[in-house]
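Worksheet: one structure, shown below.
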DNA sequence: GCTCTGTTAGAAACTGGTTACTCACTGGCC
DNA sequence: GGCCAGTGAGTAACCAGTTTCTAACAGAGC
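Protein chains in written order, with full-length UniProt numbering: chain F, 1 to 359; chain C, 1 to 359.
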């Protein structure tokens, strides 16, 4: 019923009977037991059922047992919506990211999902498709459906985030720092990462670097580029060539030829995906890595270890960002301070895609 | 505070003032406007405000405007919880997967997220950590917090799923088919994929295949292995060696030596991650791919195009699965049938990791 | 001018829980 | 035996919306 990407679908046996389960008449899930029904069945008041279900100790064991039995018999499950309304909280937090296919955000998602899960919280996820406006709209929407928000918003203007700060609180920002924002942020020290990378490459004798630029709206790209320029300016006899590229495999792949043409002996790619693409592209052009050209990435995505050759890159603690985001958010939700902004120090991972500059 | 994976964290300036935003006294978000307050401000009843907010046409334009103005002035946003309770639905659906770091599930997540997002629905995500018991517990929990469920549950026994079917409905199953289950399932025709792969390899002259086994509890692994055995049994002079392996890069990497030792001329890996790992491992052992050994994967993860050499694999429409899961679920939520089970036909992608068998 | 009909908006019931307050009953102590 | 404290459970008020039912009112038709 629409142009499928891949397979022609092949029909099969119909799933048996009651899949739809009614759901037509009225909102309630048909026969679902309510607290009133359980109370009636156990011959107690709703209050008592509520107390038993929430483990209050002020109910006589015998009565509690009767209530539990009734609940069991009726397959009673408290309504999440009613509970949320009465308690004023949902038991859910949300995460908004620009792109779910980016390993960077997958890492945070994973770390956050596990930390929140351990605390018995549900996780709402929304993807903003790299759109600055959508980032904020989705953030508001997601926040309304939950008790707190973790926001990865590389595109939205800082001013806008400050405006929205009240409506989004409690929330924590990841992979970004915004001056004067009333929320803790967890970010990565791009400067330090770039500097380590540059030191490593100059140590190997490289004097001409090509930077494969990330998306111009990306705050990470901006930070990395600035650091590179500063490094270049501070090193006599050092050339930096900036090549427009992107953030995906294909972008890197397509930029292999410009790299070759610009004569750089080392490539600093915006991220690992671009670096991998470049690696493949260079390979196809018969360029040896690291013999002819060294290549570095950024982020240390899981695949970086398995490129050929394995990629020298800057590792950032993606899962840890997710975990810490949870802890910060949890603190905020309890009215505590959320703590200071944190900039994670990345770590240079030297693998086989970098080597001495050809003489 | 805890052993960080990567970076020593470096303190920075404290986020300004009101991050915590109170939240201490009582459940309600302090000053948040309610429908009553808006009604009062506009000098109308709550019913009228509700009607205006939901776009009912039975309100005089002039009154509607007054209500809208009041809502605007008070920054009114309807309480999601109250709305859920009154309407009997949450506007949210959920997805449960065994492993968020697996590209297979990331694909479904992405497709589902986009489709649900387009329909204005929120998406709840939970990860079961490959644990059969947790798969079902999380599924129930997630379902209770939403209006419908998409479940990827490769481990949970079919019997258990049938038992739970009532509590989980409406739901759709992905990457798996369970006989007699009252829910539509979207799966992949592993048989067909394996057969295409085998035909391709035998066409290239290969007669001895090594299968790098997936996790024994995985239903995909079971299906693929069965198909391979059937193919082997049906082809005279054909040898199939089954090597224990796993589902991750490292598993494949570690199995490179056994592959070499078993003398097979072609490797069929459980999935692309294993295949990539094997590729790297073989490369390290000085084995040429595809000169000495051909290697194939399964799934066509984004990275498969960028291994060296690019990986011959079986492509399955991961995002499409997510999109279709949404459509099926949507139908079910509207009391419609949800349709037939569907098995997607995978597509063989011949790239450079397979070649003629060495003579 | 009166009745009938249609439109608009309000009153009140309802969604399913939680919890502050109250009260009945029990037992200890004087 | 009466008073008091403590305990266990019920009553009823909330949480913030939606929706059915009803009533007021205006305009049309006779």
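A virtual CB, placed ideally from N, CA and C, is assigned to each residue, including glycine.
Test: residue i CB closer than 8 Å to a CB of chain C
i: residue 23 of chain F; result: The predicted position of residue 23 of chain F is uncertain, since its pLDDT is 32 and thus under 50; no value can be drawn from it.
i: residue 77 of chain F; result: yes
i: residue 110 of chain F; result: yes
i: residue 123 of chain F; result: yes
i: residue 73 of chain F; result: no
i: residue 105 of chain F; result: no
i: residue 359 of chain F; result: no
i: residue 155 of chain F; result: no
i: residue 200 of chain F; result: no
i: residue 101 of chain F; result: yes
i: residue 220 of chain F; result: no
i: residue 276 of chain F; result: yes
i: residue 249 of chain F; result: yes
Test item: CB-CB of residue i and residue j under 8 Å
i: residue 330 of chain F; j: residue 112 of chain F; result: no
i: residue 108 of chain F; j: residue 198 of chain F; result: no
i: residue 303 of chain F; j: residue 303 of chain C; result: yes
i: residue 94 of chain F; j: residue 145 of chain F; result: yes
i: residue 123 of chain C; j: residue 125 of chain F; result: yes
i: residue 322 of chain F; j: residue 41 of chain F; result: no
i: residue 117 of chain F; j: residue 127 of chain C; result: yes
i: residue 237 of chain C; j: residue 274 of chain C; result: no
i: residue 307 of chain C; j: residue 296 of chain C; result: no
i: residue 328 of chain F; j: residue 154 of chain F; result: no
i: residue 186 of chain F; j: residue 211 of chain F; result: no
i: residue 235 of chain C; j: residue 243 of chain C; result: no
i: residue 239 of chain F; j: residue 207 of chain F; result: yes
Residue-chain proximity (residue i, chain F), Cβ-Cβ < 8 Å
i: residue 216 of chain C; result: no
i: residue 175 of chain C; result: no
i: residue 313 of chain C; result: no
i: residue 325 of chain C; result: no
i: residue 113 of chain C; result: yes
i: residue 28 of chain C; result: With a pLDDT of only 45 at residue 28 of chain C, under 50, the local geometry of the prediction cannot be trusted, and no value is derived from it.
i: residue 85 of chain C; result: yes
i: residue 127 of chain C; result: yes
i: residue 80 of chain C; result: yes
i: residue 144 of chain C; result: yes
According to DSSP, residues forming a beta bridge with residue i
i: residue 299 of chain F; result: F:315
i: residue 127 of chain F; result: F:97
i: residue 122 of chain C; result: C:92
Simplified DSSP assignment, three categories, for residue i
i: residue 241 of chain C; result: strand
i: residue 249 of chain C; result: helix
i: residue 20 of chain F; result: In this prediction, residue 20 of chain F has a pLDDT of 35, which is less than 50 and means its spatial position is unreliable; what the coordinates show is noted afterwards. Looking at residue 20 of chain F - three-state DSSP - the assignment turns out to be coil, as it is neither helix nor strand.
i: residue 211 of chain F; result: strand
i: residue 80 of chain F; result: helix
i: residue 343 of chain F; result: strand
i: residue 359 of chain C; result: coil
i: residue 105 of chain C; result: helix
i: residue 92 of chain F; result: strand
i: residue 266 of chain F; result: strand
i: residue 220 of chain C; result: helix
i: residue 204 of chain F; result: coil
i: residue 294 of chain F; result: strand
i: residue 353 of chain F; result: coil
i: residue 67 of chain C; result: helix
i: residue 28 of chain C; result: With a pLDDT of 45 at residue 28 of chain C, under the threshold of 50, the predicted position of this residue should be treated as unreliable, and no value is reported.
Extent of the continuous alpha helix (DSSP H) to which residue i belongs
i: residue 40 of chain F; result: 35-42
i: residue 178 of chain C; result: That residue, residue 178 of chain C, is in no alpha helix (DSSP H); it is neither H nor E in DSSP.
i: residue 276 of chain F; result: 272-284
i: residue 165 of chain F; result: 158-168
i: residue 50 of chain C; result: 46-53
i: residue 132 of chain F; result: 132-144
The beta strand (DSSP E) enclosing residue i, as first and last residue numbers
i: residue 185 of chain F; result: 185-188
i: residue 150 of chain C; result: 149-151
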